[in-house]
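Asker: Just dropping this structure here.
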């Protein structure tokens, strides 16, 4: 037990480097565009055709074969969506709507507000000058076929979905999202909704992680176990997902079974304790491509360790660039005196005149969840004494 | 047609005020905690009991009935989760683990690292001084029963979920999320995945809105109609959801059926044209508590109008505070010259030394989707010439 208690603590940066080296992006899978939101492109996407894919009108108006037409006969009308190619010659024009295929021979399109229609003929209003190409959008004008429109690692947001859809792509290759399991351990745990009993506490970590995983559009399997050791050994041995999170029992006491269970299930343990607070007992292990964390059971520590470390593994598996610490302004605050470990502090950030202001949310102890209701950032260390800038994860 | 074409344009602020006055928060419904993420509390939540709900130990150690104990007999052991109340008297102590119910009579808890265990007895290490209350967490110490722990309108994030779960609350009242329908109209529309045909374009707006609605954890019903007028009239008349979005046909041309269909279905039209670009033709109407938008079909305009206006309706229905324009820094850019209408510009923001820097993403025309792949902000107007700050929605 002496060796355990005094085992060297891993630094934050060393754990990040360990995660980065052991958690590659997952393989690519092809999914429907609608399922791809929030995922990451696993290969570059090339335009399957020119974009736009045909010459069309940018406006409702008239297509002409000359730039200074006189009175012209309206030879035809083309609605948006019409697919039969027409043509236009000098002395005539074609009535056209926004988005419609241009007739062959079109030199310019005049907007309908610039024209005077008189029964079967049209002439330009006086003073209207047209130039070649006016109100025409040409095939390939935004990008040609085979152009790289999305790089590997690009996040699929609503704009990317629209861009791919506009190219006719109904499916896209993304890094397979991780399947995550959370096991809340503890004889003292009740499920929310059960009758309160002195000596027992409600499991909040399972619901918290479910919320965090839902926010990321991912899948979570949840367990809550009281008869800890045999149940935990079975669940870790049988674990078939990508990321296993065990809540509680990550320390070195007689009732702490996380590390033993992971080791007996074949996980290599790379980290046992982290030199930051809250959350000193922190296990990080791998079994092949599978990753496991033993996380402190105290809810505040659980939340902090998720954002500081677990989230990085998810980000890596999704093939996304890892988050970097930004800076926020923190005018009137200094971290509470610690025990030499670096301190994470939940915070609430907002924008004021183009600057990010962080308000640290004080925590009484690592069982105190009340600051988290407003938390949208995580601060590390203390503000720089001169600039008052503080290292910040915007969540 | 003259009256239509010259109808006064609504200002951005007037449309926002119209939305705010016509779109109250939806009624409250009770949902499971896990389904509440991203929703908004529809009534205040009071703590159902003291929190913590019983006196417990903050550490693994020994509970004493005196602050300067001599050698004490270990009278009992209490594990976390044990529910039978014990007591401790002077001259004895109780072995206790983190989170366990304190024995009656406890004055302080000594951490196990501060104690020397010798078979059946324990004594403090030399030099260790205890104070009353050391390592004890008292019932109600964070908040008492009936304390207001969440206000009406609070967003249910992962921290709130954990806080409510820790109080044993398995369900919470939230404003009912809106049910949204999107109808893409146009003879020219193909579904992504269909064969490209010159003259036809792929519907990207349906997929875009599906992505935006998915990101918000909401439900979308989608339609794509080519035989526009009868299908649109049927869909608007039968509409039974909360928010109806019609893509395309929002102008005043012969082929524009959005306004007519909405009016015949009993919607009151409050706005027909908006004084901002891209996206001049913009219909906003209501039928009782139902809201409808006729949105421009050009994809960039569609995206901008969603973020500038539609998103505000969703936010209102969810009972959340409406987004306010923030400021970002925009060092080297001036808006493209416009036609007098105020200009929205998609942008990409990032943090540098505590400041928000916005990079405007230039758009060629309102059919150009390529800027949206990187867009995470929407800028309004031009930067202030002196400060270079620009009004910004962070998306």
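Protein chains in written order, with this note's numbering: chain R, 324 to 718; chain C, 324 to 718. Ideal Cβ placement from N, Cα and C applies to all residues, glycine included.
Alpha carbon to alpha carbon, how far is residue 343/R from residue 526/R?
Answerer: When rounded, the distance between both Cα atoms is 31 angstroms.
Asker: Whose CA, out of 368/R, 673/R, 603/R and 503/R, lies closest to the CA of residue 662/R?
Answerer: 603/R
Asker: Should residue 417/R be flagged as near chain C, meaning a C-beta pair shorter than 8 angstroms?
Answerer: no
Asker: Taking DSSP as the reference, what is the three-state secondary structure of residue 669/R?
Answerer: Here residue 669/R sits in strand by DSSP.
Asker: Would a check of beta-carbon distances place residue 708/R closer than 8 angstroms to chain C?
Answerer: no
Asker: According to DSSP, which residues form a beta bridge with residue 580/C?
Answerer: Beta-bridge pairing by DSSP links residue 580/C to no other residue.
Asker: Under 8 angstroms between the Cβ atoms of residue 438/C and residue 458/C?
Answerer: no
Asker: What's the gap between the Cα of residue 508/C and the Cα of residue 373/R?
Answerer: 23 angstroms
Asker: Report yes if the CB atom of residue 686/C is closer than 8 angstroms to the CB atom of residue 669/C, and no otherwise.
Answerer: A contact, by the Cβ cut-off of 8 angstroms.
Asker: Return the CA-CA distance between residue 448/C and residue 611/R, expressed in angstroms with no decimal places.
Answerer: 45 angstroms
Asker: Residue 597/R and residue 338/R - do their beta-carbons sit closer together than 8 angstroms?
Answerer: In this structure, residue 338/R sits near residue 597/R, with a CB-CB distance shorter than 8 angstroms.
Asker: List, in order along the chain, the chain R residues whose C-beta lies closer than 7 angstroms to that of residue 613/C?
Answerer: Identification of chain R residues near residue 613/C by a Cβ-Cβ cut-off of 7 angstroms yields none; the smallest Cβ-Cβ distance measures about 24 angstroms.
Asker: Please classify residue 445/R: does DSSP put it in a helix, a strand, or coil?
Answerer: Here residue 445/R sits in strand by DSSP.
Asker: In the DSSP assignment, what are the bridge partners of residue 676/C?
Answerer: Paired residue(s): none; residue 676/C is not in a bridge.
Asker: Would residue 571/C and residue 608/C be called neighbours here (beta carbons separated by less than 8 angstroms)?
Answerer: no
Asker: By DSSP, does residue 327/R sit in helix, in strand, or in coil?
Answerer: Unreliable placement is indicated for residue 327/R, whose pLDDT of 49 sits below 50; the coordinate value is still reported in the next sentence. Here residue 327/R sits in helix by DSSP.
Asker: Buried or exposed: residue 359/C, going by 16 or more other Cβ atoms within 10 Å of its Cβ?
Answerer: Buried, since its Cβ has 16 or more Cβ neighbours within 10 Å.
Asker: Do the stretch 482-497 of chain R and the stretch 351-358 of chain R touch if we need at least three Cβ pairs shorter than 8 angstroms?
Answerer: The stretch 351-358 of chain R and the stretch 482-497 of chain R touch, with three or more beta-carbon pairs separated by less than 8 angstroms.
Asker: Roughly how many angstroms separate the alpha carbons of residue 407/C and residue 522/R, rounded to a whole number?
Answerer: 8 angstroms
Asker: Decide if residue 710/R is buried, meaning its Cβ has at least 16 other Cβ atoms within 10 Å, or exposed.
Answerer: Residue 710/R should be labelled exposed.
Asker: State the Cα-Cα distance for the pair residue 404/R and residue 556/C, rounded to the nearest angstrom.
Answerer: 20 angstroms
Asker: If we count Cβ pairs, one from each stretch, closer than 8 angstroms, do we get three or more for the stretch 525-540 of chain C versus the stretch 460-470 of chain C?
Answerer: no
Asker: Would DSSP call residue 473/R helix, strand or coil?
Answerer: strand
Asker: If you drop the 5 nearest sequence neighbours on each side, which residues of the same chain put their C-beta closer than 8 angstroms to that of residue 462/R?
Answerer: 373, 375, 376, 377 and 378
Asker: Give the residues from the stretch 380-397 of chain C that approach chain R closer than 8 angstroms (Cβ to any Cβ), ordered along the chain.
Answerer: 381 and 383
Asker: Based on DSSP bridge pairs, tell me the residues matched to residue 387/R.
Answerer: 416/R and 431/R
Asker: Apart from the five residues just before and just after residue 676/R, which ones in its own chain have a Cβ nearer than 7 angstroms to its Cβ?
Answerer: none
Asker: Quick check on the burial criterion: 16 or more other C-beta atoms within 10 angstroms. Buried or exposed for residue 630/R?
Answerer: buried
Asker: Alpha carbon to alpha carbon, how far is residue 465/C from residue 413/C? Give it in angstroms, no decimals.
Answerer: 29 angstroms
Asker: Could you spell out where the beta strand (DSSP E) holding residue 622/R opens and where it closes?
Answerer: Careful: residue 622/R lies outside any beta strand (DSSP E), inside the alpha helix (DSSP H) at 622-628.
Asker: I'd like the ranges of any beta strand (DSSP E) spanning at least 3 consecutive residues and lying wholly in the stretch 483-511 of chain R.
Answerer: 494-498 and 502-508
Asker: Let me confirm a value: residue 625/R is counted as buried when at least 16 other C-beta atoms fall within 10 Å, else exposed. Which label applies?
Answerer: buried
Asker: Would you kindly work out how many angstroms separate the C-alpha atoms of residue 623/C and residue 695/C, rounded to a whole number?
Answerer: 8 angstroms
Asker: Return the CA-CA distance between residue 524/C and residue 516/C, expressed in angstroms with no decimal places.
Answerer: 12 angstroms
Asker: Can you grab the Cα-Cα spacing for the pair residue 698/C / residue 649/C, in whole Å?
Answerer: C-alpha of residue 698/C to C-alpha of residue 649/C: approximately 16 angstroms in a straight line.
Asker: Quick one: residues in its chain with C-beta nearer than 6 angstroms to the C-beta of residue 504/C, no 5 flanking neighbours on either side, listed in chain order?
Answerer: 544, 564 and 567
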